[in-house]
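So the sequence lines, in the order shown, correspond to chains A, B, C and D.
Number 120 in the numbering used here belongs to position 120 of the first sequence; there are no gaps in the numbering.
Number 119 in the numbering used here belongs to position 119 of the second sequence; there are no gaps in the numbering.
Number 50 in the numbering used here belongs to position 50 of the third sequence; there are no gaps in the numbering.
Number 93 in the numbering used here belongs to position 93 of the fourth sequence; there are no gaps in the numbering.
4 protein chains.
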Amino acid sequence: MVANIARPKSQDKRHAIMKAATRVIVTQGLSAPTATIAHEAGVSNGSLFTYFQTKTDLFNQLYLELKSGMAAAALEGFSAGDDFRKQLFHVWSNWMDWAASHPEKRRALAQLGVSDEITPATRAAAHKTMESLADLMEQMRTNGPLRSASKDFAAAIVNSLAETTMDFMIHDPANAKRHCKAGFEALWRVVG
Amino acid sequence: MVANIARPKSQDKRHAIMKAATRVIVTQGLSAPTATIAHEAGVSNGSLFTYFQTKTDLFNQLYLELKSGMAAAALEGFSAGDDFRKQLFHVWSNWMDWAASHPEKRRALAQLGVSDEITPATRAAAHKTMESLADLMEQMRTNGPLRSASKDFAAAIVNSLAETTMDFMIHDPANAKRHCKAGFEALWRVVG
Amino acid sequence: MVANIARPKSQDKRHAIMKAATRVIVTQGLSAPTATIAHEAGVSNGSLFTYFQTKTDLFNQLYLELKSGMAAAALEGFSAGDDFRKQLFHVWSNWMDWAASHPEKRRALAQLGVSDEITPATRAAAHKTMESLADLMEQMRTNGPLRSASKDFAAAIVNSLAETTMDFMIHDPANAKRHCKAGFEALWRVVG
Amino acid sequence: MVANIARPKSQDKRHAIMKAATRVIVTQGLSAPTATIAHEAGVSNGSLFTYFQTKTDLFNQLYLELKSGMAAAALEGFSAGDDFRKQLFHVWSNWMDWAASHPEKRRALAQLGVSDEITPATRAAAHKTMESLADLMEQMRTNGPLRSASKDFAAAIVNSLAETTMDFMIHDPANAKRHCKAGFEALWRVVG
DNA sequence: CATGAATGAGCGTTCATTCAT
DNA sequence: GATGAATGAACGCTCATTCAT
Numbered sequence: 001m002v003a004n005i006a007r008p009k010s011q012d013k014r015h016a017i018m019k020a021a022t023r024v025i026v027t028q029g030l031s032a033p034t035a036t037i038a039h040e041a042g043v044s045n046g047s048l049f050t051y052f053q054t055k056t057d058l059f060n061q062l063y064l065e066l067k068s069g070m071a072a073a074a075l076e077g078f079s080a081g082d083d084f085r086k087q088l089f090h091v092w093s094n095w096m097d098w099a100a101s102h103p104e105k106r107r108a109l110a111q112l113g114v115s116d117e118i119t120p121a122t123r124a125a126a127h128k129t130m131e132s133l134a135d136l137m138e139q140m141r142t143n144g145p146l147r148s149a150s151k152d153f154a155a156a157i158v159n160s161l162a163e164t165t166m167d168f169m170i171h172d173p174a175n176a177k178r179h180c181k182a183g184f185e186a187l188w189r190v191v192g
Numbered sequence: 001m002v003a004n005i006a007r008p009k010s011q012d013k014r015h016a017i018m019k020a021a022t023r024v025i026v027t028q029g030l031s032a033p034t035a036t037i038a039h040e041a042g043v044s045n046g047s048l049f050t051y052f053q054t055k056t057d058l059f060n061q062l063y064l065e066l067k068s069g070m071a072a073a074a075l076e077g078f079s080a081g082d083d084f085r086k087q088l089f090h091v092w093s094n095w096m097d098w099a100a101s102h103p104e105k106r107r108a109l110a111q112l113g114v115s116d117e118i119t120p121a122t123r124a125a126a127h128k129t130m131e132s133l134a135d136l137m138e139q140m141r142t143n144g145p146l147r148s149a150s151k152d153f154a155a156a157i158v159n160s161l162a163e164t165t166m167d168f169m170i171h172d173p174a175n176a177k178r179h180c181k182a183g184f185e186a187l188w189r190v191v192g
Numbered sequence: 001m002v003a004n005i006a007r008p009k010s011q012d013k014r015h016a017i018m019k020a021a022t023r024v025i026v027t028q029g030l031s032a033p034t035a036t037i038a039h040e041a042g043v044s045n046g047s048l049f050t051y052f053q054t055k056t057d058l059f060n061q062l063y064l065e066l067k068s069g070m071a072a073a074a075l076e077g078f079s080a081g082d083d084f085r086k087q088l089f090h091v092w093s094n095w096m097d098w099a100a101s102h103p104e105k106r107r108a109l110a111q112l113g114v115s116d117e118i119t120p121a122t123r124a125a126a127h128k129t130m131e132s133l134a135d136l137m138e139q140m141r142t143n144g145p146l147r148s149a150s151k152d153f154a155a156a157i158v159n160s161l162a163e164t165t166m167d168f169m170i171h172d173p174a175n176a177k178r179h180c181k182a183g184f185e186a187l188w189r190v191v192g
Numbered sequence: 001m002v003a004n005i006a007r008p009k010s011q012d013k014r015h016a017i018m019k020a021a022t023r024v025i026v027t028q029g030l031s032a033p034t035a036t037i038a039h040e041a042g043v044s045n046g047s048l049f050t051y052f053q054t055k056t057d058l059f060n061q062l063y064l065e066l067k068s069g070m071a072a073a074a075l076e077g078f079s080a081g082d083d084f085r086k087q088l089f090h091v092w093s094n095w096m097d098w099a100a101s102h103p104e105k106r107r108a109l110a111q112l113g114v115s116d117e118i119t120p121a122t123r124a125a126a127h128k129t130m131e132s133l134a135d136l137m138e139q140m141r142t143n144g145p146l147r148s149a150s151k152d153f154a155a156a157i158v159n160s161l162a163e164t165t166m167d168f169m170i171h172d173p174a175n176a177k178r179h180c181k182a183g184f185e186a187l188w189r190v191v192g
């Protein structure tokens, strides 16, 4: 029994705030009032601040959560046995699927990513969650045309191809599949 | 009437404000006060609004100017006669040189590009200034691996490769040349 | 029922809160959050309000307690037999000693005294606890130079001399004794 | 001609804010909203901050102005020739008159004086404006019963007698004159 | 009765924009 | 046109108090 704990901080509420923030950032941008986020989360104005010390804090935690969620989605069902192209395509598909099925998360992530509110520490932590993904790329880079570039550079190129592909999948869902494939082709040409 | 006093003329002032805005956006972000921009431009805060109706207006004009400046720089000295790879490399080099020698403009452009203050109209106009550049890509796409993708998609891919390369050139100037080349190799693989 | 667990009893808690309030008022002023006071008292913020209905209530009770404590200290060991000067000096010494050995109480009292949160009723009650002290003064006033002033006025004068003396004793402890004597001399001149 | 100065910062407005602050502090205390002060001064919310950087700043400047105003009032018409008692009484009268005719200023001053928003620097500056007054006391102290006390201590005693006397004059205006005289008698006994 | 999360009114300050000079 | 004071809506955050546990 956990006595003497009055109304423990509810993970549900925390989550509701994060979800609301995601939604609100997409529609109103990063300058959206915290009050709007709180309201959207069905929570009082002040409560937001019992879950997140500051607005910046909320944004940093959200960024980290979205990014690691994305990384986890990309790597789901990954099996090391397959040949490289297959492995890479699996991950790429996962990644694109995540973007296509969570367009809000992706747009919020995009906005947060360019904000100067996100601290270097948060960025570093987020980077780490994508490590395994980066490792996969790394294996390929060393044998591919980018072999003379740095690891970070290769990863950034891959990332930018992914982002661009996602943009097109989201803005033009009818041709999502085609964009996904074209993006992969480009990826494969560059890194494979 | 006290005309003809030696003080900067309108166009100079307009330009001073734009230059100041570029600088200030880099250091303080898009939420920097207009008063700061005005001050940095050596102009009263009220005067800023005789040259730009609103802050958003200033940002849109600045975005357009920076973008078209970038496009012009990329196409400078372009000669249609050469073979494709040479043509492409010439443009690519110009482009990267511009980024390397105007890091502030580029960073401001990056910030403006993701802002939701920039209207679709402005984006379209900016897009148009890069038309010739896109046309060049277009010629190549139709014969290259992206032949089954849309023109816009190909252009976006090229753009994202360029942006990524610029980032690395700016953050790691010591290896700027190497990044430039590696970026071009990736580009050539994708579109060439 | 889980009675009789070894935890501090109510009066202890009440007292802890008052002590904490004294300390916190000195360091943070009257606008210090109740949460801070509660924390400092080792009590939950909610509990503070089971002992005191409102923050104002806490402050009023604290004021009263500090003031009456001060009065009691001043009158300790008072013997009616001695001659006036001796009696007065005894009380004065006690009073000054209390201030010197409880500087926090005194400073908190000073802050509370000027606050408009302290109600007239509280002030009146506090006044009453100093009645015996006032009576002592009264005896003297009627024979001294203030004989034509009102009782309250004389008491206020005495009080202000005491406060001033205390200030100097606290801020300049090295010369505490000298200040104490000088203060008494002034007092004696005025009322003796 | 003072061209190019658009709507210069008006001393009237600054003064109106200070006057309003004085009034509002008396009725609502130091925690009164700046908006109330601004409103009372017939000025917009934001304007208050073009005249005073922060609320604290306003309070510090007000404290200084009130204190120096009081000192100036006390010394008005002072002639060095008269004998000490006469000189002292003249100053004392002025002082008490000031308090009696500006009860709001005095009460505001009292509140500000105990606030921890007033910086040591401000206090020091305020102290300086009362220097001449202190000098006058000093002349007397050296020959009177406080001769063995420090200059500051003597000044503080005098001040506290004055404050107490003022309190009574303000709260009991019918007997103002009597209180004034009684206060002076006490002062003379202590320092004369 | 203890706890600490929930609430929401309230406040100091900022800043785009206007307008008197 | 140029200037910079004036305006007031808006926002992030605090905190006394309440109340579910």
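Cβ coordinates follow ideal geometry from the N, Cα and C atoms, glycine included.
Please look up how many angstroms separate the CB atoms of residue i and residue j, rounded, as I've assumed it's under 8 Å.
i, j, result
"ARG203 of chain D", "VAL191 of chain D", "Past the boundaries of the shown model lies residue 203 of chain D; chain D is included only from 1 to 192, so the question cannot be answered."
"SER160 of chain D", "LEU187 of chain C", "Not a contact, Cβ separation roughly 12 Å."
"SER30 of chain D", "SER115 of chain D", "Inspection of the sequence shows that residue 30 of chain D is occupied by Leu rather than by Ser. The Cβ separation is near 5 Å, so the contact holds."
"LYS55 of chain B", "THR34 of chain B", "5 Å"
"PHE89 of chain A", "PHE184 of chain A", "6 Å"
"MET96 of chain A", "MET166 of chain A", "7 Å"
"VAL43 of chain B", "ILE17 of chain B", "6 Å"
"THR36 of chain D", "LYS105 of chain D", "No, THR36 of chain D and LYS105 of chain D are not in contact; Cβ-Cβ is about 18 Å, not under 8 Å."
"ASP133 of chain D", "LEU75 of chain D", "This sequence places Leu at residue 133 of chain D; Asp is not what is there. With 8 Å as the limit, LEU133 of chain D and LEU75 of chain D qualify as a contact, their Cβ atoms being about 6 Å apart."
"PHE52 of chain A", "GLN61 of chain A", "7 Å"
"PHE59 of chain B", "ALA182 of chain A", "With 8 Å as the limit, PHE59 of chain B and ALA182 of chain A do not qualify as a contact, their Cβ atoms being about 33 Å apart."
"ASN94 of chain C", "ALA73 of chain C", "6 Å"
If I follow the unbroken alpha helix (DSSP H) through residue i, where does it start and stop?
i, result
"LEU133 of chain B", "131-141"
"GLN111 of chain D", "103-114"
"GLY29 of chain C", "It is not in any alpha helix (DSSP H) - GLY29 of chain C carries neither H nor E in the DSSP assignment."
"ASN60 of chain B", "55-75"
"ASP83 of chain A", "First-last for ASP83 of chain A: undefined, no H or E at that position."
"LEU187 of chain C", "176-191"
"VAL158 of chain A", "151-171"
"ASN45 of chain B", "45-51"
With distances taken from CA atoms, which of the options is nearest residue i?
i, options, result
"SER150 of chain B", "A:SER93, A:LEU62, A:PHE168", "A:PHE168"
"THR119 of chain A", "A:THR50, A:TYR63, A:ALA134", "A:TYR63"
"ALA41 of chain C", "C:GLN11, C:GLY69, C:MET70", "C:GLN11"
"GLY81 of chain B", "B:ALA174, B:ASP152, B:THR22, B:LEU136", "B:LEU136"
"ARG85 of chain A", "A:GLY144, A:THR165, A:ALA21", "A:GLY144"
"GLU65 of chain B", "B:CYS180, B:LEU109, B:THR27, B:GLU163", "B:LEU109"
"PRO8 of chain D", "D:LYS19, D:ALA38, D:SER47", "D:SER47"
"ILE157 of chain A", "B:GLN61, B:HIS179, B:ASN94", "B:HIS179"
"GLN28 of chain C", "C:ALA174, C:SER93, C:VAL91, C:GLN111", "C:GLN111"
What does residue i touch in chain C if you count any residue whose Cβ is under 8 Å from its own?
i, result
"GLU104 of chain D", "None at all; the shortest Cβ gap to chain C is about 14 Å."
Could you name the residues of chain B that residue i contacts, counting a contact when the two beta carbons are closer than 8 Å?
i, result
"ARG189 of chain A", "PRO145, ARG189, VAL190"
Whose Cβ in chain B lies nearer than 9 Å to the Cβ of residue i?
i, result
"GLY69 of chain A", "Under the 9 Å cutoff, chain B gives no residues; its nearest Cβ is about 21 Å from GLY69 of chain A."
Just the chain A side, please: which residues come within less than 8 Å of residue i by C-beta, in chain order?
i, result
"VAL24 of chain B", "In chain order: nothing, as chain A lies at least about 13 Å away."
For residue i, return the contacting residues in chain A, with the cut-off set at a CB-CB distance below 9 Å.
i, result
"HIS127 of chain B", "Simply none; closest approach about 14 Å."
So with CB distances below 7 Å, who are the chain B contacts of residue i?
i, result
"ASP12 of chain A", "The premise fails here: ASP12 of chain A is roughly 30 Å from chain B at the closest Cβ pair, so nothing lies under 7 Å."
Can you name the residues of chain C whose CB is closer than 9 Å to the CB of residue i?
i, result
"ALA197 of chain D", "Residue coverage of chain D in this structure runs from 1 to 192, which leaves residue 197 of chain D outside it and unanswerable."
Taking 7 Å as the cut-off, is the beta-carbon of residue i closer than that to any non-hydrogen atom of the ligand NAP?
i, result
"ARG123 of chain D", "The model depicted lacks the ligand NAP and carries no ligand whatsoever."
Using the beta-carbon of each residue, which ones in chain D are nearer than 8 Å to residue i?
i, result
"ASN167 of chain C", "The sequence given here places Asp at residue 167 of chain C; Asn does not occur at that position. Going along chain D in sequence order, the residues near ASP167 of chain C (Cβ under 8 Å) are ALA156."
When Cβ atoms are compared, which residues of the region 134-164 of chain C fall closer than 7 Å to chain D?
Per Cβ criterion, the list reads PRO145, LEU146, SER148, ALA149, PHE153, ALA156, ILE157, SER160, LEU161, GLU163, THR164.
If contact means a Cβ-Cβ distance below 8 Å, which residues of the region 28-48 of chain D contact chain C?
Taking a C-beta cut-off of 8 Å against chain C, the contacting residues of the region 28-48 of chain D are GLY29, SER31, listed in chain order.
For the region 83-105 of chain C, enumerate the residues whose C-beta is nearer than 8 Å to any C-beta of chain D, in chain order.
Answer in chain order: no residues at all.
Any residues in the region 175-186 of chain A with a beta carbon nearer than 9 Å to a beta carbon of chain B? Which ones, in chain order?
From the region 175-186 of chain A, only ASN175, ARG178, HIS179, LYS181, ALA182, GLY183, GLU185, ALA186 have a Cβ closer than 9 Å to chain B.
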